[in-house]
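S.K.:
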Amino acid sequence: MGLSYISSLDEDKSKYRTEEEGTHARWAKTDRAQLLDNMQPAPKPSSSPPDAADTRPIVVLGAGVIGLTTAVRLLESDSVRGRGIPVHILADHLPDDPLDAKYASTIAGAHHLSFADDDDLRQRTWDRTSRSAACPVLARSVLYARKAFRVMYDEWRREGEKTGLMVLKQTEFYVGEDKHLKIFEEHPDFVVNDIPSMGLSFPADHSVAFTSLTMTPLTYLNRLVARISSLGGHIHRHHLPSLSHLDHASTTALIGSAAPLAIVVCAGIGALSLGGVEDSTVYPTRGQVVKVRAPWVRSGWTRQVGSLNGGEGGERTYVIPRPDGEVILGGTREEGDWDPYPRKETAEDILRRAAEICPILIPSHLSAAPLDDDLPTLDKLRMGDTAAGGRSPLEELVVSHLVGFRPSRKDGIRLEKGPALYVNGGRTEVVYNYGHGGAGWQSCWGTADDAARLVLQGLE
């Protein structure tokens, strides 16, 4: 579907929702078929109560990439496995659901590019390639826990692209800045590019390249679901309106009547309205992207215009290929914008910018050398100045237009232990792990390690 499709949104936005969900279902079916060829299928959400009603569980609230990785780390720990502690995930949204802007995990690009400022040691630790210090309360398999990049890189080395992970060369361009983030220097094959020799069609002040990763979200999330099931975890579709509802009959029917030992709040954008949390510093950062099919693209490209300002500032254009041949083009960062529908003018701008920084996106038959002066030149094609009335040459590749809300927070990620709750006469520890903004995929395993550590310290 091309830009003419999304222009119809002004007439009937419900049509977009129905057709977009259908598109997601078709692509999700392909992802699941690939997954089933290589591993056991992801389980259905559990609706059955635990075997022992008096066994105190640990509850993880949320089933995005943050909640699922946190649950895995808990289930792998010696304390949970040795004591037979049930782990339950309660979530409004699950990976196989139709796309929803509030469930950003399936709409994300996604790639491993840290936004961690050079002085932000905490974020750099979560994002970085390795970790040197051991965490004594985690299982032997994660005593020397690798943070996000190394965890995923090692997965890819073991099982290849069926994991949903793709290792590639990543090239970064900077406009208005003459330096890069230092954390990039920790990636393999890091180099500073010589801009004059690159033959760019756009101005750039600095450029670097290194080895990085991209992720196919649905594939990776479903593998996490299957992993949780194999470890004995339980996943329930359940809306918890407030932390005080942990003892409500609708909740105890799923997790048992005993007071949970702990609850880990991985609610993403939901932390804004979740009773007992109601974090008013949480807000959406709207991101609009275009999904295209271009299996010949096997390298990643980004351009940063202006400063990141210690987070996600400036204008950022990105080209994120996936192992299944899809490529995500983006993007936007619109703080406080709750509009869940794609905008035609934004989509047109994304296609123009993406073709500019990554001309290999343009199909070879369109970028072939012209035989006479009446055919458009490659430079004109990059700008969308074609005989077809200004349509982008990428439009014929478009699969869908997507919008997601990055779960941002004014003070950054909240990862800490809060005041305990008292549920059914028992003390329930509360750990918070939300507010990742656009850094969820690249920091998920790092924050999962730390959230699990906070929970397990309370069990000693």
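Heads up, the final residue of the sequence shown is numbered 471 in my numbering, and it's a clean run with no missing numbers.
Built from N, CA and C at the ideal position, the CB exists for glycine as well.
Whole angstroms are fine: how far does the CA of I239 sit from the CA of V71?
M.R.: Taking the sequence shown and counting its residues from 1, the one referred to as residue 71 is at position 60. Taking the sequence shown and counting its residues from 1, the one referred to as residue 239 is at position 228. Distance between the alpha carbons of V71 and I239: 12 Å.
S.K.: Can you give the Cα-Cα distance for S143 and K158, rounded to whole angstroms?
M.R.: Within the sequence shown, the letter at position 132 stands for residue 143. Within the sequence shown, the letter at position 147 stands for residue 158. Unreliable placement is indicated for S143, whose pLDDT of 34 sits below 50; no coordinate value is reported for it.
S.K.: Exposed or buried, which one is L382 when buried takes at least 16 other CB atoms within 10 Å?
M.R.: Within the sequence shown, residue 382 is the residue found at index 371, counting from 1. Exposed, by the Cβ-count rule.
S.K.: Looking at the secondary structure, which residues open and close the alpha helix (DSSP H) in which R363 lies?
M.R.: To locate residue 363, count along the sequence shown from 1; it is residue 352. Counting along the chain, the alpha helix (DSSP H) containing R363 begins and ends at K355 to I368.
S.K.: Kindly indicate which three-state DSSP category L285 falls into: helix, strand or coil?
M.R.: Here residue 285 refers to the residue found at position 274 when the sequence shown is read from its first residue. Residue state, collapsed to three classes: coil.
S.K.: Residues in its own chain within less than 7 Å of I280 by CB, not counting five upstream and five downstream?
M.R.: If you number the sequence shown from 1, residue 280 lands on position 269. For I280, where only same-chain residues beyond five positions count, the Cβ hits under 7 Å are K113, V293, P295, F416 and P418.
S.K.: For the beta strand (DSSP E) containing I280, name the first residue and the last one.
M.R.: Working through the sequence shown from its first residue, we reach residue 280 at position 269. That residue, I280, is in no beta strand (DSSP E); it is neither H nor E in DSSP.
S.K.: Confirm, please, whether the CB-CB distance from G451 to S116 is below 8 Å.
M.R.: For the purposes of this step, residue 116 is identified with residue 105 of the sequence shown, where counting begins at 1. For the purposes of this step, residue 451 is identified with residue 440 of the sequence shown, where counting begins at 1. A contact, by the Cβ cut-off of 8 Å.
S.K.: Run through DSSP, which three-state label would N233 get?
M.R.: By 1-based counting over the sequence shown, the position of residue 233 is 222. Helix.
S.K.: Which whole-angstrom value describes the C-beta separation of R425 and A431, a residue pair presumed to lie in contact below a C-beta threshold of 8 Å?
M.R.: For this step, residue 425 is matched to residue 414 along the sequence shown. For this step, residue 431 is matched to residue 420 along the sequence shown. At roughly 17 Å, the Cβ-Cβ gap does not stay under 8 Å, so R425 and A431 are not in contact.
S.K.: Helix, strand or coil for R94, going by three-state DSSP, please let me know.
M.R.: As a working mapping, residue 94 is identified with position 83 in the sequence shown. The answer is helix: DSSP assigns R94 an H, G or I state.
S.K.: What does the alpha-carbon distance come out to for the pair G120 and I339?
M.R.: For this step, residue 120 is matched to residue 109 along the sequence shown. For this step, residue 339 is matched to residue 328 along the sequence shown. The straight-line gap from Cα to Cα measures roughly 6 Å.
S.K.: In terms of residues, what are the limits of the beta strand (DSSP E) holding R309?
M.R.: One-based indexing of the sequence shown puts residue 309 at position 298. Taken as a continuous stretch (DSSP letters only), R309 belongs to no beta strand (DSSP E), as it is neither H nor E.
S.K.: I'd like the list of long-range same chain contacts for G75, defined as Cβ closer than 6 Å, with 5 residues on each side in sequence excluded.
M.R.: Counting from 1 along the sequence shown, the entry for residue 75 is found at position 64. Correct list, in chain order: S116 and G279.
S.K.: Measure the beta-carbon distance from T230 to Q299 and round it to whole angstroms, keeping in mind my assumption that it falls under 8 Å.
M.R.: Translated into the one-based positions of the sequence shown, residue 230 becomes position 219. Translated into the one-based positions of the sequence shown, residue 299 becomes position 288. About 22 Å; that fails the 8 Å criterion.
S.K.: Please name the residue in S255, D360 and A366 whose C-alpha comes closest to that of V441.
M.R.: The residue you call residue 441 lines up with position 430 of the sequence shown. With distances taken between Cα atoms, V441 lies closest to S255.
S.K.: Report the residue from L235, F195, G243 and E183 whose alpha carbon sits nearest the alpha carbon of P214.
M.R.: On the sequence shown, position 203 is the one that residue 214 refers to. Checking every option, the nearest Cα to that of P214 belongs to E183.
S.K.: Between the alpha carbons of E166 and A270, how many angstroms are there, rounded?
M.R.: Position 155 of the sequence shown, counted from the start, is the residue given in the question as residue 166. Position 259 of the sequence shown, counted from the start, is the residue given in the question as residue 270. Approximately 36 Å, taken between the alpha carbons.
S.K.: Mind checking which residues open and close the beta strand (DSSP E) that includes S411?
M.R.: Start at 1 with the first residue of the sequence shown, and residue 411 comes out as number 400. Element bounds for S411: V409 to R420.
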